[in-house]
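Here the sequence shown is numbered in the working numbering, starting from 3 and rising by one per residue.
A virtual CB, placed ideally from N, CA and C, is assigned to each residue, including glycine.
Below is one structure, written out as C-alpha cells; comments come after it.
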Amino acid sequence: MNTLFVKTKQSQSEYPIYIKDDFSELEKAFNKLDTSVKKACIIADSNTKELYLDTIKEIAEKCFAEVSEYAFEAGEKSKNLNEINGFYKFFVEKGLDRKSVIIALGGGVVGDMAGFAASTYMRGIKFIQIPTTLLSQVDSSVGGKVGVDFLGNKNMIGSFYQPEFVYINVKTLNTLPYNQVAAGMAEAIKYGYIADKDFLDYFKNNMCKIKELSSNEIKHVIYTSCKAKAYVVSKDEKETGLREILNFGHTFGHSIESLSDFELLHGECVAIGMISALKLSSDRGYINQSDLEFAEKLFKFFELPVKVQNFEKDKIFRQMFFDKKTKNNKLNIILLKELGSAYTEKNVSDSEILEAIEYIVKS
Ligand SMILES: NC(=O)c1ccc[n+]([C@@H]2O[C@H](COP(=O)([O-])OP(=O)(O)OC[C@H]3O[C@@H](n4cnc5c(N)ncnc54)[C@H](O)[C@@H]3O)[C@@H](O)[C@H]2O)c1
Ligand SMILES: [Zn+2]
3 MNTLFVKTKQ SQSEYPIYIK DDFSELEKAF NKLDTSVKKA CIIADSNTKE LYLDTIKEIA
63 EKCFAEVSEY AFEAGEKSKN LNEINGFYKF FVEKGLDRKS VIIALGGGVV GDMAGFAAST
123 YMRGIKFIQI PTTLLSQVDS SVGGKVGVDF LGNKNMIGSF YQPEFVYINV KTLNTLPYNQ
183 VAAGMAEAIK YGYIADKDFL DYFKNNMCKI KELSSNEIKH VIYTSCKAKA YVVSKDEKET
243 GLREILNFGH TFGHSIESLS DFELLHGECV AIGMISALKL SSDRGYINQS DLEFAEKLFK
303 FFELPVKVQN FEKDKIFRQM FFDKKTKNNK LNIILLKELG SAYTEKNVSD SEILEAIEYI
363 VKS
C-alpha cells in the first residue's frame, strides 16, 4: 500500500509514488537514480525552506557529489516566468548539466515551477517531487502538468513532464495550516464522487481519523486519490475527454474563486462548487437528496464551506463563462450519473444551472 506506480504514456514508463511516515527511505530512493547523476538542486519556497530543507539537504548530500539549494517567496504570486528566470540563472551558476536533478520541496507552487524549469532547462533534466501540502500530494503528484501563470492567467505557460519519483512524507502535513489541509481534502473527496464509491464510504467510516491525520488513514486517502487520478489520466493524458471529470465542481468553483478575489482557497471553492454540481445531479434524479445532504455534512466536518455569503447568483453564473475550459460560450458541467461515476453534460439549461447556484448562495 505504501508505493503506487504511475504509468505514463508520454515516456512509456512508470514512476513510483512513495507514501511514507518519515524521510527514512529517501536516501534509498535517491540512490535508485542513475549513478551518473552528480549534481542536485533543491528548490523550496520560504516556508518549506525553514521547515524541511536542512533535512532533505543532509540526505541528498549522502547521495550526490554536489547539492545546491534555491528558495523563493512562498505563494502563487511567485509562480511566474521572472522567478523561473532566477532558477535558470542559478542552475547555470551551479553548473547544472543534463545529468543533474532538480528536487521540488513544497506544495503545488514549488512542484509546478521546479517541474517546469526542469522540463525546459537544457531541453529537460530529471526531477523529483517531495510534495508537502495535501493538495500537492493528492493532485499534482500525478498527471505531469507543470507550468507557471502568465499575464494573470493561471498555468498558461507549461508542459507535461513526469518526475523520476514522488516521495510523500505524510508527517509534513502536521506543520500545514488546517485550512490548507481541508482544501486538499476537498480534492481527495472529489475522487470518491467521480470515480470510486468505496472511497466515499471510507471517508464516511473514518472521518475522525482522517481529520486527525492519523497515519494509516491519511496514507490510504493519498494512495486512493493518486490511484484514482492516475487511472483517469492514463485513459486521457492530454485532456481530450475523460480527464474533464477531474473538473467536477470546478466550473462553479473557479467562478467563486475569481469573484472572491482569491480570498477563498481553491479547494474551498471546489467544495462549494461540488455542492452545486451535486445539487444539479440530485435535481436530475441521478443521486438522492440524502447524498447531497451527506456531502454537506462531510464538508462541514472537514470545516470546508458549503455556501457563499453575499454573492449574487447572476454574477456567479456570468463568471462561469470566463473559465478557460468553457468551449464555444457553452457551459459543460460535470455531473454524477451516480455516486462514484461522473460524466460531462453538454446539455444543461441556464435555469438548471441557476437553481444549482441558488442552492449555494446564502443571503
Ligand atoms: N500540476 C498539477 O497537476 C496541479 C494540480 C493541482 C494544483 N496545482 C497547482 O498547485 C498550486 C497550489 O498548491 P498548494 O495548495 O500546495 O499551494 P502552495 O504550494 O502555495 O502551498 C500552500 C502554502 O503552504 C505552505 N506549505 C507547504 N508545505 C507546508 C508544510 N508542510 N507546512 C507548512 N506550510 C507548508 C506553502 O509555503 C504555502 O504558503 C497552484 O498553483 C495550482 O495551480 C497543480
Ligand atoms: Zn482543483
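Item: Distance CB(K1)-CB(V39) smaller than 8 Å; Value: Shown here, the chain extends from 3 to 365; a query on residue 1 therefore has no answer.
Item: Short Cβ contact (8 Å threshold) for L306 with E340; Value: no
Item: Expected contact under 8 Å - CB spacing of I86 and I104 to nearest Å; Value: Contact doesn't hold; Cβ gap of about 12 Å is too wide.
Item: Beta-carbon gap between T135 and L107 smaller than 8 Å; Value: no
Item: beta-carbon S121 near ligand 1 non-hydrogen atom, thresh 7 Å; Value: no
Item: Contact under 8 Å by Cβ, I196 with K22; Value: no
Item: Unbroken stretches of the alpha helix (DSSP H), 4 residues or longer, contained in the region 185 to 214; Value: 199 to 207, 209 to 213
Item: DSSP-derived helix/strand/coil call for D325; Value: coil
Item: Residues bridged to A73 [DSSP beta-bridge criterion]; Value: A46
Item: Beta-carbon gap between S70 and S121 smaller than 8 Å; Value: no
Item: Rounded separation between E295 and K309 - CA only; Value: 13 Å
Item: Cβ-Cβ distance between A358 and S278 below 8 Å; Value: yes
Item: Stretch-stretch touch, CB-based, cutoff 8 Å, three pairs: the region 331 to 349 with the region 186 to 204; Value: yes
Item: Beta-carbon proximity list for L356, same chain, < 7 Å, skipping 5 on both sides; Value: K315, F319
Item: Exposure label - K41; buried when at least 16 CB within 10 Å; Value: buried
Item: Residues sharing a beta bridge with P18, DSSP; Value: F7
Item: Beta carbon nearer than 7 Å to a non-hydrogen atom of ligand 2; Value: D141, E189, H252, H268, G269, V272
Item: Residue interval of the alpha helix (DSSP H) (run including V112); Value: 110 to 122
Item: Backbone CA spacing between A46 and F89 [nearest angstrom]; Value: 11 Å
Item: Spatially closest choice to V94 from K156, Y233, N208, C43, by CA coordinates; Value: C43
Item: 7 Å Cβ shell around E189 - same chain, five flanking residues per side excluded; Value: L137, V140, D141, G269, V272
Item: Rounded distance between the beta-carbons of S353 and F228, thought under 8 Å; Value: Residue identity check: residue 228 is Cys in the sequence provided, not Phe. Not a contact, Cβ separation roughly 38 Å.
Item: Proximal residues to H252 (C-beta, below 7 Å), its chain only, five neighbours per side dropped; Value: V272, G275
Item: heavy atom of ligand 1 below 7 Å from D47 C-beta; Value: yes
Item: Reduced DSSP category for Y54 - H, G, I as helix; E, B as strand; rest coil; Value: helix
Item: Distance CB(E166)-CB(F129) smaller than 8 Å; Value: yes
Item: Helix, strand or coil at F66 [DSSP, three-state]; Value: coil
Item: Minimum C-alpha distance to F92 - residue among G110, K79, A116; Value: A116
Item: Pairwise C-alpha distance: N334 and Y322; Value: As written in the sequence, residue 322 is Met, which differs from the Tyr given in the question. Going by the C-alpha atoms only, they are around 10 Å apart.
Item: Pick from M158, I258, E360, N218 that is closest to D285, judged by C-alpha positions; Value: E360
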